[in-house]
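Working notes, structure below.
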Amino acid sequence: MMSGLTPTIEKSLSERHRHMLEVESCIAPEVIAARGYWTAETVADLKGVDGISQNQYYAPALVLPIYGVDGEYRYSRVRPDNPPPNQGKYIQPAGTPNVLDVPRAVQSKVLDSNYGLVVVEGERKGDALASLDIPVVVVFGVWNWSCKAGKDTPYETQLLLPDFESIPMHGRSVAVVFDADIHTNRSIQLAVARFAHRLKERGAQLW
Amino acid sequence: MVDKPNGRVPRLGGGIALLPLGPQGEKNGVDDLLAQGYNWGDITSFIYPMDDVINMKTGEFSPKKGLIPSSSSSYPTHEHDDDDLPALTVEEFLAESPSSYDWVVEGLVGKGAISKLAGQAKYSGKTTLLSHMASNVLEGTPFLGRATTQSKILYLTEQGRNFKEALASAGLDDPSVQGFHIVPIDRVFDLGWEALIHKVGRYCEQEGIRLLVVDTLIEFSDNEGDDENSAGKAKATLKPLKHIATTRNLGVVITQHHNVQGRGRGSTQYDGGVDILLDLRSLDSKESDNDNPNVRMLEGIGRGVGFKTYIKLTDEGYETLAAPAGALKDVSKNARIILRFLPILEAEAIAIAELLKTLEERDIKISRATVDRALKELKSEGLAESKGGGTSKDPQRFWRSEPIPKDKDDLADSETRSSSSSSQAGVEHDDDEASTPEKVIPIRPGIEVSKEPSTPKKEKKEKKKVALPTPEEMPERFDCYVHTEERLAACHTWVTEQPYVSIDIETKGKNKDEATLYTKAVIRGVGLYAEGKGWFLDCDHLDDEKVSSLLRELKNKPKYLHNSAFDIPRIYRRFGVLLNKGVRDTLIASRAARAGEWEENQRVGKNGKLITTRPKKSFDLENCIARELEVEIPKIKQTWMGPLTDAHMEYVTD
Chain C
0 MMSGLTPTIE KSLSERHRHM LEVESCIAPE VIAARGYWTA ETVADLKGVD
50 GISQNQYYAP ALVLPIYGVD GEYRYSRVRP DNPPPNQGKY IQPAGTPNVL
100 DVPRAVQSKV LDSNYGLVVV EGERKGDALA SLDIPVVVVF GVWNWSCKAG
150 KDTPYETQLL LPDFESIPMH GRSVAVVFDA DIHTNRSIQL AVARFAHRLK
200 ERGAQLW
Chain G
0 MVDKPNGRVP RLGGGIALLP LGPQGEKNGV DDLLAQGYNW GDITSFIYPM
50 DDVINMKTGE FSPKKGLIPS SSSSYPTHEH DDDDLPALTV EEFLAESPSS
100 YDWVVEGLVG KGAISKLAGQ AKYSGKTTLL SHMASNVLEG TPFLGRATTQ
150 SKILYLTEQG RNFKEALASA GLDDPSVQGF HIVPIDRVFD LGWEALIHKV
200 GRYCEQEGIR LLVVDTLIEF SDNEGDDENS AGKAKATLKP LKHIATTRNL
250 GVVITQHHNV QGRGRGSTQY DGGVDILLDL RSLDSKESDN DNPNVRMLEG
300 IGRGVGFKTY IKLTDEGYET LAAPAGALKD VSKNARIILR FLPILEAEAI
350 AIAELLKTLE ERDIKISRAT VDRALKELKS EGLAESKGGG TSKDPQRFWR
400 SEPIPKDKDD LADSETRSSS SSSQAGVEHD DDEASTPEKV IPIRPGIEVS
450 KEPSTPKKEK KEKKKVALPT PEEMPERFDC YVHTEERLAA CHTWVTEQPY
500 VSIDIETKGK NKDEATLYTK AVIRGVGLYA EGKGWFLDCD HLDDEKVSSL
550 LRELKNKPKY LHNSAFDIPR IYRRFGVLLN KGVRDTLIAS RAARAGEWEE
600 NQRVGKNGKL ITTRPKKSFD LENCIARELE VEIPKIKQTW MGPLTDAHME
650 YVTD
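Listed in order, the protein sequences are those of chains C and G. Position one of the first sequence corresponds to residue 0 (numbering that gives the first Met the number 0), numbered consecutively onward. Position one of the second sequence corresponds to residue 0 (numbering that gives the first Met the number 0), numbered consecutively onward.
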């Protein structure tokens, strides 16, 4: 865990990536700035950056700094323009645990139980809602709300990430808004069902 | 920041989102939808309560039927990564399939269901009927004798001036009317059908609307050319409506014009795809009512619905005419004409001279002798009653009546003839057929008991073996049984001495699945209990006036009932005694005491996983007693139509 660290280099965001964020994902410029998205045009840009490890050295790529519930920088995830085979679209530093990502623009509201809360999968979706001033937290995948991800993990041991303990849940309206393939993908359906039950156990209102 | 309407933070409710797939099955995320022009309000309409998406018994993802995003083209094509077939157990199926609707208008419009009202364009009066229905729903008052749930209404209308006239007819042309929302078609011309219904669903949710009317469907839908005859197009047109009906718990009424054959126009899919079919038509020559422009036949068919009834538009609104369709088939043309001019209430009974005068005013030429014969015929069919001595000072006067059932089937089914399901036992306060020979002689005036009730042949043989106790024998076996004036007097004395009394009634006549329980069921027996002593008044053998006198003693005493909302109106209807003071309702008390409690059962499933189920808590008498007092009562449901047996008495004494 690299809690407390912040990106140390000033990097710029390419026009293609800005278009992707602003137009394709409807993220407001101030929310883009708050996260500090940047473009790595070469692998050299990635080297030596806090929170980026060797397994992420792919360029050109969009770099997404991740911020925890406390608003502190955790690490960066990298989205190569040409993803390597057998890896997901987003690459996380090797050996880092799952965390919740909280868009900085709405961090105070996420911690305020007077507001409802949305959970989405992916930083861009989270920032799209943060642009609407909607309190939102981000999980990196439909199973990544738990330390023990995956459908083969017994439900009994599949507990919520410790980060959820910092977010008031009791009596709070919580909406789980995952992608539309929930209609067709059994693994996502199972993940959502388990996640919803875990949230409900914390007192969240899912109705 | 982008798009914050009125600077407000969009409303957020909890739940699980079922976002729509793209046209090619693309897995849209929330950012994709925003980029496609959806706003946050649109997206929240795809968020459903958890228990609509997840089977709370099994813990598995199992969206309720109808939770299908309208733009989802491939739902629900599951990628079966295992070989599971989503089959249900009988218990699960029954739990997911309520036997009746939660009605907006009893028997006509159910929440979560679509009713289709078809009628001849311009002549049948669909809009007028719906306007009157809307007027009653807004106030929560009965419509056509059917209970309504007070609700706000959204009315999509294609009509301009005609609609204004219909509103005026229903008394809705008052600017102070609240809760009635109107969308004229010219305001939504630019919206596609799916987009319109999507907005309608959201609006209904925001405004708390529970009744949606689309008048007419064809004008608001995007059907063009011959689309109306296409089953596929019909299905696609109904799909978004079904979606909002189920997800928003809306009662939806769509209207449709008749074709030249007098049926709903277009594809039969419009019939198959809705829940309740309503048909409104003027009467044809065979029914002899052409000359009365305000009389219509309203027919309804659907799950738990099956009726044909004559209705008439009067200055006071619509009213039902008492004659059920089946009974009219057996009377002559002249008798049917006469019937239309008979009042419904006994207090308004008219003499033959008045009837002749009315006929003359309407330019209907029927002789005195024919009128006499027609009235006699109507009386013999049970469609009319008379009173008066037949003298010049006290002429015989006539009014309508419900026909006397010819057999038990008629009695149990005097209104629902066409498609209602067979009655089901096992429902408290319900009734069913009695299939045993009647031996008792009633002492209550006006009650005729069939000596040989029609009994299915197969059952007769077995039933004859059972020796039923007579009412005279019953008190020897059960000292609580009251069927004579003497015993009623003893009970009356006992009642006056009690500081409080518990009351329970048993009803007969209709069952819940016919959607008429709340209008038709009448009291057969009244149970009274206090301080360890109980009485059961068999009201088929007692004078109503004397029972009323006894019940009046209870007016100012504390009373304990279970589900008093059922019992009190029925006591009032039969005996004219309103016991609405000092009521302690154990059902309400139990619900209040147990509010927010969940019962959880856990078991290990076939795959070794822990399955948590949360069964719905029942508040019927049996379960309440078991829960609150830890006492089990063996309640085997009884029917209360025929002679009483030991089983009946054991039921009430429990």
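Just so it is clear, CB atoms sit at the ideal spot from N, CA and C, and this is done for glycine as well.
Going by C-alpha to C-alpha distance, which of the options sits closest to residue i?
i       : options                               : result
V213(G) : K241(G), G224(G) and C479(G)          : K241(G)
P107(C) : E122(C), D80(C), I166(C) and R73(C)   : Reading off the sequence shown, one finds Ser at residue 107(C), where the question assumed Pro. Closest option to S107(C), Cα to Cα, is I166(C).
E105(G) : Q149(G), L84(G) and V89(G)            : Q149(G)
E380(G) : V330(G), I275(G) and I363(G)          : V330(G)
G619(G) : S266(G), G250(G), I349(G) and D584(G) : The sequence shown places Asp at residue 619(G), rather than the Gly named in the question. Out of S266(G), G250(G), I349(G) and D584(G), D584(G) has the C-alpha closest to the C-alpha of D619(G).
A646(G) : D566(G), M473(G), A594(G) and S589(G) : M473(G)
E530(G) : L354(G), E206(G) and V494(G)          : V494(G)
E475(G) : S548(G), D371(G) and T644(G)          : T644(G)
Q395(G) : E206(G), D371(G) and N161(G)          : D371(G)
L159(C) : W144(C), H169(C) and V173(C)          : W144(C)
E347(G) : N161(G), K110(G) and F397(G)          : F397(G)
D537(G) : T492(G), G595(G), H561(G) and D478(G) : D478(G)
A190(C) : S52(C), M168(C), E200(C) and T152(C)  : T152(C)
G144(G) : M132(G), F162(G) and A165(G)          : M132(G)
R103(C) : G70(C), P96(C) and L116(C)            : G70(C)
Y654(G) : S175(G), R295(G), Y47(G) and E204(G)  : One cannot answer for residue 654(G) here, as it falls past the ends of chain G, which runs 0 to 653.
Quick check: the Cα distance between residue i and residue j, rounded to an integer number of angstroms?
i       : j       : result
T38(C)  : L20(C)  : 12 Å
L12(C)  : L63(C)  : 11 Å
K46(C)  : I31(C)  : 22 Å
G388(G) : S366(G) : 22 Å
Y650(G) : E621(G) : 11 Å
N81(C)  : Y36(C)  : 18 Å
T611(G) : A169(G) : 51 Å
L487(G) : Y480(G) : 9 Å
F535(G) : L553(G) : 15 Å
A592(G) : M55(G)  : 23 Å
Y571(G) : P470(G) : 26 Å
Let me see if you follow: with CB-CB separation under 8 Å, is residue i close to chain C or not?
i       : result
Y74(G)  : A caution first: Y74(G) carries a pLDDT of 33, below 50, which makes its placement in the model unreliable, though a value can still be read off. Y74(G) counts as touching chain C.
K26(G)  : yes
H77(G)  : Reliability fails at H77(G), whose pLDDT of 37 lies under 50, so the model's placement of it is uncertain and the value that follows must be treated cautiously. It does: the Cβ of H77(G) has a partner Cβ on chain C nearer than 8 Å.
A594(G) : no
E59(G)  : yes
P19(G)  : yes
A529(G) : no
Is the shortest distance between the beta-carbon of residue i and the beta-carbons of chain G less than 8 Å?
i       : result
S112(C) : no
G115(C) : yes
D178(C) : yes
E217(C) : Residue 217(C) lies beyond the residue range present for chain C, which begins at 0 and ends at 206; the question has no answer from this structure.
L189(C) : yes
A192(C) : yes
I133(C) : yes
K88(C)  : no
L205(C) : yes
H16(C)  : no
L12(C)  : no
V138(C) : no
G121(C) : yes
For residue i, is the beta carbon positioned less than 7 Å from some heavy atom of the ligand ADP?
i       : result
R486(G) : Of ligands this structure carries none, so the ligand ADP is not represented either.
Members of the segment 29-42 of chain G that neighbour chain C once the beta carbon cut-off is set at 9 Å: Residues of the segment 29-42 of chain G with a C-beta atom less than 9 Å from some C-beta of chain C are V29, D30, D31, L32, L33, A34, N38, W39 and I42, listed in chain order.
Contacting positions in the segment 542-561 of chain G - beta carbon closer than 8 Å to chain C: For the segment 542-561 of chain G, the beta-carbon criterion of a distance under 8 Å to any beta-carbon of chain C is satisfied by none of its residues.
Proximal residues, the segment 141-173 of chain C versus chain G, C-beta separation under 8 Å: Of all residues in the segment 141-173 of chain C, P153, Y154, E155, R171, S172 and V173 have a Cβ within less than 8 Å of some Cβ in chain G.
Against chain G: residues of the segment 52-86 of chain C by CB proximity under 7 Å: Against chain G - using a Cβ distance shorter than 7 Å - the segment 52-86 of chain C contributes no residues.
Contact set between the segment 249-261 of chain G and chain C, restricted to residues whose Cβ is under 9 Å from the partner: Against chain C - using a Cβ distance shorter than 9 Å - the segment 249-261 of chain G contributes no residues.
Those runs of the alpha helix (DSSP H) which lie wholly inside the segment 32-108 of chain C and span at least 4 residues: Runs of the alpha helix (DSSP H) inside the segment 32-108 of chain C: 42-45.
Proximal residues, the segment 90-108 of chain C versus chain G, C-beta separation under 8 Å: Residues passing the 8 Å Cβ filter: none.
Alpha helix (DSSP H) segments (min. 4 residues) lying fully within the segment 539-618 of chain G: As far as the segment 539-618 of chain G is concerned, its whole alpha helix (DSSP H) runs of at least 4 residues are 543-551, 563-574 and 585-592.
Short-range partners of chain C found in the segment 164-187 of chain G, where Cβ spacing is below 7 Å: Residues are counted here when their Cβ sits less than 7 Å from a Cβ of chain C; for the segment 164-187 of chain G the count is zero.
Near-chain G residues of the segment 22-48 of chain C - C-beta to any C-beta below 9 Å: If the cut-off is 9 Å between Cβ atoms, the segment 22-48 of chain C has V22, E23, S24, C25, I26, A27, E29 and V30 near chain G.
Selection of the segment 44-56 of chain G by Cβ proximity to chain C, strictly under 9 Å: Close to chain C, meaning a Cβ-Cβ distance shorter than 9 Å, are the following residues of the segment 44-56 of chain G: F45, I46, Y47, P48, M49, D50, D51, V52, I53 and N54.
Interface positions of the segment 127-156 of chain G facing chain C (Cβ-Cβ less than 7 Å), listed along the chain: If the cut-off is 7 Å between Cβ atoms, the segment 127-156 of chain G has nothing near chain C.
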